[in-house]
Each structure stands twice: as structure tokens, then as C-alpha cells.
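Worksheet for the structure shown next.
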Amino acid sequence: MAATPLLELRGIDKSFGPVQVLHDVGLSVYPGEVTALIGDNGAGKSTLVKCVSGIYTIDAGTVTFDGRQVSVHSPRDAADLGIEVVYQDLALCDNLDIVQNMFLGRERKRGIVLDEPTMEQMAGETLANLSVRTVKSLRQLVATLSGGQRQTVAIAKAVLWNSRVVILDEPTAALGVAQTAQVLELVRRLADKGLGVVLISHNMNDVFAVSDRIAALYLGRMAAEVKTSDVTHAQIVELITGGRSGHLGLPPENPTDFADITPGVHQ
Amino acid sequence: MSTTTLDTAGGVTVVKPTVNSHFRDYVDRIRGGDLGALPAVLGLVLLTLIFGIARPETFFSAGNLANLFNQAAGLTMIAMGLIFVLLLGEIDLSAGYAAGVCGAVMAILLTEKNYSEPVALIASLAVGAVIGLALGFLVAKIGIPSFVVTLAAFLAFQGVLLNLLGEGKNVSIPDGFIKSLNKDSLPVAWSWSLAVAAVAVFALIQFLRYRGRVVRGLVTEPVGIVLLRVAGIAALILITTAILTQERAINPAVTSLKGVPIAAPVIGGFLVLWTFVLGRTSYGRHIYAVGGNAEAARRAGIPVDRIRISVFVIGSIMAAVGGIMLVSRAGSVDPNTGGSSTLLYSVGAAVIGGTSLFGGKGKVIHAVIGGAVIAVIDNGMLLMDFSSGTRYVFTGVILLIAAGVDALARRRAAATGNR
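Sequence lines, in order, name chains U and H.
Oh and the first sequence: position 39 is 39 in full-length UniProt numbering, straight run, nothing missing.
Oh and the second sequence: position 325 is 325 in full-length UniProt numbering, straight run, nothing missing.
Quick look at the structure:
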């Protein structure tokens, strides 16, 4: 088991105007492991990812990458560190083929001419490394691919750049059973190759199928970071919905923090 | 039907295409709604046959073929620029009058201001670039829809042209390089050398590309397809040259008239230039990406706004080139240069050629094929003595058919998951 995290967040705060979305959030991502980031809608999962990937800037807290403290101000910074995000809405161009999409914005050139053979070769090697053998041709338009294949291309695009941390935002949300299995297998393989993988998911089956660790967010706070083997399905559901489960999770809320708004009850 | 499976250097298992499977794939693509320029090419052949049968003496003459190049040159140039704009799903309604304004600037500099031809040419292109910059800025940075921006520019440029020329004035340009651009022909020897050189370069590029892929162990097209393509292009260029180098003067004793019209290599040159830019540079790739999914392009770090501005600049520069060709052909510029049907014919040429109005799909060759279709209709119907009213109606119907084919193809594509 890897001792030091590849990516470590500590004390992350993020507010949008008067609304504080993240409170003192910490998260550790280890190389060779899949860390599942879970939480109900509005728990702050997407915000946290956008902070890591440089789309949002954090208000407070530290980001440590590979033992060094770093600051990520733009998606380009994150990419330079080797952090790649596969967004839910894939960000692929339907009218371009697989190779063109994988190299979009980072094309290989010889002089001013695109170096198509090199790009095609690299794309092929990346897909082969991920044991993807389901595409007919690397020159197929992305529009003609199935949902699972598109997700695969999006993931392959993220790992093409010798990335070290790959963050996947709900990669199986729109997929059928067989394609979900395919993508999960791919996620597992990424971790087995030594990458740090963050999997955001709503699906408990997916989480228990591939993850090594689970980090549960509850209303903008990190409720628990646990090993998947140490917890049960039910405990995780409690962490998501209530922020705690037995000895796990956030301390019990103090009832005096809340006003009673039950109709008919007046002080 | 033998298909061999092989592992490429990339390691992804693919099927090595044969000539047969290549054709099958093509048919599949067509059936899947990816028509490209096929309907336009078929239409062009059909129209040529119809007019050829109706007027075999005049339509199928060398003189008329040369005439077609000159007729198509202006609108083809404008259409090439429009294809860049259409690729982003935008439109430039002002391209016609932008051509007129740029042509008028050139003509006035040549005549009233007595500037040399290179200065007048460069000034005309520069005016085009400035127009494009302004349009692109208003669309990309201010966020006004391109339809409105260019509609306003359409009206304004019409006025600018009138003011430049004075009410109803007509400025004739002096004899020289510019006037011969879309009027005269190359000497026969030059025509042949250029044709042979074009074929040789095309064959060489095809060969080098094929070699490059074989050396890397990548999947290649079947040799047969490459040879067929080279042979097809060679036949087209050489046969056209053979026809055009025949004597086509009415009375050769007075003045001899033969050779490829200068307009042909001009069209060919711009075709090669823009095809290279769109297909082989990262700038071109980014244009397709922004047209296909602007958000994905933005996330990939592509400067979307700058791309958007740049296509309007290219569009208006090509409008200036089109204007120069129009002025060269007429030998003069008047308040109607680039007006009436010029713009609509140019948009029509791009769409008939197979470029989508919805962005992301199109090639520069579409401007040439579509331009040829429009020129053939105009030319053929004139030879058959139809009134200009009937010609407009017929051209409208053809455009409608082209747009209909595009719409049906898109539906078909959506149904087969090949958007």
C-alpha cells in the first residue's frame, strides 16, 4: 500500500458570495488506488473537482502534489501537473474522429503541418495499453461511437498525456449494464497502472466494485475517508444521507444550532 | 471477399481495408447520411448532360468551357471564404457587397489615384481584412448574432459602394495584370506545363502520404484506391487542358485564342491553399472543433473567440479576392458589383457543394463544385434562351433541392447515430 498520497488536499474552503460550499475539506488520492468521491446532490463534489482542476480558485487550504505544495490557477496548470478531468458531458467533438479528439488543442506538428501518423500511432498505443479493442478504426467519427466507446475515448484522451491523477465525473451515469462494466474495468486498469484515480459516482454498486477508498462529502464537509473494505453498503448510505454512521463521520449536530420551523410550534 | 486482420504498430486490432471493403465502407457512409459532395457531383454531371444534349454545338464548345471558369471564378472565391464562416455555424450576408467595396477601392486606386497594380491589389485585400476584423469582433466579442451583424453590414456596404462610386458612376479599370486575371488565357506551353506539374505534385503528395503510413505500420488505404484517385484527377486536369488549348477564336486569322483561362489556376491555387489550411494545420483542426462543439474546444484550450474572428477575416479577404475577379471580368466596377444575386449564389455554391449551414461540416472543394453547378445552370439556361426570370427560379429550385438533400441526410444520419 502506498504510504504517501499523490494528491493531498487540506483545509479547502470555497465560497460563492455569501454561500460557503466547501468547509475545511481534506482529500487524499493515492497512486495505484481508486478513490471514490461520493455525496448527495449539492454536497460539493463537483465544486471540489473544479477547485482541483483549476476552474475555481480556492479561498483557503493547501494542495500538495507529489510531496510539493502547488497552486492551481487554471486548467492548464492542472494539466501541467498531470491532473486530468473527464467531465460528465465528455467534451468530445462529434464531427472529429477518435485521434483528432484525443489530441484536440495539443496537436502534434512537424513544422506547421499536423503530424497525423505520429498522433494516430500514439492514440493507438494508448488505447491498446488500456486494452481497448472495441473500435473499428481510429479514424471513426466520434458521432458513430456508442456511449461506452465515447467514455472510453474521453478517458483515453485524459491518460494520453502521462497524467498521474485522473478524475472521472460520473463516468457510468448514462451507460447500460455491459458498457458500465467495460468502463469500470477500464477505471480499475488505470489504477493498476499506478495512476491516482478519483471516481465520482452516485452508484453504490460501482463504488464498491472498483474503489479502494471512499471519501464521503456531506453538505460541503468531508464526512469520512475510509477504506472500502472496512465499511458496509448501509454505512456508506448513512454517510451520504446523514453525514455520519456510528463512530464514523461528522460529530452529531448540536440541536441548538437549528431553529425549529415546525408549523404551529412557537417559542 | 478477403479481409485480412492485422495488428498495427498501435496495437489496436483493425481490419485491413481492401478495394472492395473500401467501396463498401463508402456506400455505408452514403447510406448513413454522410453524403459530402456526392449529390453536387451527380447534379453537375446530370446538368452538363442535359445542356449538352439540348445545345450540343454551343454548350460543349471549348469557348464555353473557358467561359464557365470565368463565370464561376468570382462567386467561387466568395464561397470559399463563406465556407470558413459556415464551418462555425455562422453566416456572412455582407460578403457580396464587401466584394463590391473591395473591388471599387481597387478600381479607384488604379484610375483616379494612379496607384500601381500591386498597391491596389494589396489595398483591396487589406480593406477585406479590416471588414472581416470588424464583423468578427462584433460577433465574437460583443455577441451580436452574425446574421444581424452581416445584414447590417450588407445594407451599409451597399451604401458605401454607392458613395465611393458616386451615384450610378461606372469606373473602368485600365488594361494590365488585374484586367487579364479573369479575362485572358495562359499561353499553350504554360497551360500544359502547369497542368502536368499539378498532376505530378498531386501524385507525389498522395504517394508520400501513403509511404509515410506504410513505414509507420499504420492502416493504409488500398493501393488501388490511391492509384484510382491519382488517375481520376490526372484525367480531369489533362482532358480539360487538352480541350482548352484548342483554338476557340471565331476568326483565328485575326486573333488566336487558346490556352487555360488564368482564372483556373487562380481557383486551383486558392483551393490548394485553403484545403491545406483546413485539413493539415492545427488552426484548421480548431475551426472544425469550434464548429462541432465550442464548449469542448474551449476546454481543450482553443481560443474560441480568436478562431471566430479569424474566420470572418478569411471570409472577407476571400470576398475581396472575389470582388477583384468580378471587376476583372467586367473590366469595370459599378454600384451593382457584388450585388443582386452574387451573395446568394455564393452561399448557394457552398451549400450545393455539400457544406452544412449548421457548422462543423464542409470542405473548400465544395465551393468549387457548387460554384461549377451554379455557373453551369446560369450558362446553360442562357444558351437555351430562357429568360433571366426563369433562370433565377430554376437556380432557386436547385438550391432548395440541395438544402433538402442536406436536411434529409441529417435526419438519416441522426437515425443511424451518425450525426
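Ideal Cβ positions, reconstructed from N, Cα and C, are used throughout, including at glycine.
Sequence-distant partners of Ala54(H) (beyond 5 residues in either direction) whose C-beta falls short of 6 Å from its own C-beta, in its chain, are Met384.
Taken in chain order, the complete alpha helix (DSSP H) segments of 4 residues or longer contained in the stretch 90 to 125 of chain H are 95 to 111. The continuous beta strand (DSSP E) containing Met222(U) extends over residues 221 to 227. Listed as beta-bridge partners of Ser15(U) by DSSP are Gln20(U). Using a Cβ-Cβ cut-off of 8 Å, Cys93(U) is close to Tyr288, Ala289, Gly292, Asn293, Ala296, Ala297, Gly360 of chain H, given in chain order. Cβ-Cβ distances below 7 Å link Ser74(U) to Gly54 in the same chain, with the five nearest sequence neighbours on each side left out; the list follows chain order. One thing to note: Gly196(U) has its Cβ within 7 Å of the Cβ of Val29(U). Where Tyr218(U) is concerned, there is no enclosing alpha helix (DSSP H), although the beta strand (DSSP E) around it starts and stops at 213 to 218. Within the stretch 58 to 137 of chain U, the runs of alpha helix (DSSP H) that reach at least 4 residues and sit entirely inside it are, in chain order, 75 to 81, 98 to 102, 116 to 129. For the pair Arg308(H) and Ala140(H), the CB atoms are nearer than the 7 Å cut-off. Across the structure, Lys169(H) and Asn163(H) are spaced so that their CA atoms are roughly 10 Å apart.
Judged by DSSP secondary structure, Gly74(H) falls within the alpha helix (DSSP H) whose first and last residues are 62 to 87. Straight through space, the alpha carbons of Val148(H) and Gly291(H) are spaced by roughly 19 Å. Between Leu138(U) and Val99(U), the beta carbon gap of about 5 Å places them in contact (Cβ cut-off 8 Å). Listed as beta-bridge partners of Gly196(U) by DSSP are Val165(U).
Leu382(H) and Lys113(H) have their C-alpha atoms spaced approximately 38 Å apart. Looking at Ala223(U), Ala154(U), Thr47(U), the one whose alpha-carbon comes closest to that of Ser15(U) is Thr47(U).
With respect to the 7 Å criterion, Gly17(U) and Gly61(U) are not classified as neighbours on the basis of their beta carbons. What Gln100(U) touches in chain H, judged by beta-carbon distance under 9 Å, is Arg285, Tyr288, Ala289, going in chain order. Under the Cβ criterion of 7 Å, Ala300(H) is counted among the residues facing chain U. Against chain H, a Cβ distance below 7 Å from Pro117(U) picks out Gly212, Arg213, Arg216, Leu218. Closest in C-alpha terms to Thr118(U), from the list Gly217(H), Ala120(H), Ser388(H), Ile250(H), comes Gly217(H). The beta carbons of Ala296(H) and Val304(H) sit no closer together than 7 Å. Contact with chain H is found for Gly105(U), since one of that chain's Cβ atoms lies less than 7 Å from the residue's Cβ. Chain-order list of chain H residues neighbouring Arg76(U): Gly301, by C-beta distance under 9 Å.
The C-alpha of Ile200(U) lies about 10 Å from the C-alpha of Gln88(U). Closest option to Ala99(H), judged by alpha-carbon separation, among Gly359(H), Gly380(H), Gly315(H), Val373(H): Gly315(H).
Membership of Thr48(H) in the alpha helix (DSSP H) is indicated by the continuous run 38 to 54. In this structure His233(U) is exposed. Its beta-carbon is surrounded by fewer than 16 other beta-carbon atoms within 10 angstroms. Approximately 5 Å separates the beta-carbon atoms of Leu141(U) and Asp97(U); this is inside 8 Å, confirming the contact. Relative to the Cα of Leu145(U), the nearest Cα in the group Cys93(U), Arg108(U), Ala123(U) belongs to Cys93(U). Within its own chain, the residues whose Cβ lies closer than 8 Å to the Cβ of Ile173(H), once the five positions on either side in sequence are excluded, are Met106, Ala107, Leu110, Thr111, Lys179, Val327, Ser328, Gly331, Ser332, Val333, listed in chain order. Beta-bridge partners assigned by DSSP to Glu221(H): none are found. Using a CB distance cut-off of 7 Å, Arg55(H) does not count as an interface residue toward chain U. Cβ-Cβ distances below 7 Å link Gln182(U) to Gly148 in the same chain, with the five nearest sequence neighbours on each side left out; the list follows chain order.
The C-beta separation of Met80(H) from Phe270(H) comes to about 6 Å, placing the pair in contact by the 8 Å criterion.
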